[in-house]
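**Q** Just dropping this structure here.
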Amino acid sequence: MEGSYYVGWGTLALINAGIAQGKNRSGLNWFLLSLILGPIATFILVIVEKR
Numbered sequence: 005m006e007g008s009y010y011v012g013w014g015t016l017a018l019i020n021a022g023i024a025q026g027k028n029r030s031g032l033n034w035f036l037l038s039l040i041l042g043p044i045a046t047f048i049l050v051i052v053e054k055r
């Protein structure tokens, strides 16, 4: 059950990368940022406007 935390965090980072690419931003940068910030990065992506 301990590994599920890491799987969930990694999945969130992948989802954030997809959202970032949809908003014409760097998916790789947001993936790496999401590994550090997690849900905070998701919130930031949701509130920023599309380029």
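Just so we're aligned: 18 in this note's numbering is position 14 of the sequence shown, and the numbers increase by one with no gaps anywhere.
All residues carry an ideal CB built from backbone N, CA and C; glycine is no exception.
Following the continuous alpha helix (DSSP H) through Asn28, name the residue where it begins and the one where it ends.
**A** In the sequence shown, the residue the question calls residue 28 occupies position 24. Taken as a continuous stretch (DSSP letters only), Asn28 belongs to no alpha helix (DSSP H), as it is neither H nor E.
**Q** For Gly14, name the three-state secondary structure that DSSP assigns.
**A** Walking along the sequence shown from the start, residue 14 turns up at place 10. Gly14: helix per DSSP, three-state reduction.
**Q** Excluding the 5 residues preceding and the 5 following Ala24 in the sequence, name in chain order all residues of the same chain whose CB lies nearer than 7 Å to its CB.
**A** What you label residue 24 is simply residue 20 of the sequence shown in a count that begins at 1. Within the same chain, Ala24 has close Cβ partners Ser30, Gly31, Trp34, Leu49.
**Q** How is Gly42 classed by DSSP in three states: helix, strand or coil?
**A** Counted from its first residue, the sequence shown places residue 42 at position 38. The answer is coil: DSSP assigns Gly42 none of H, G, I, E or B.
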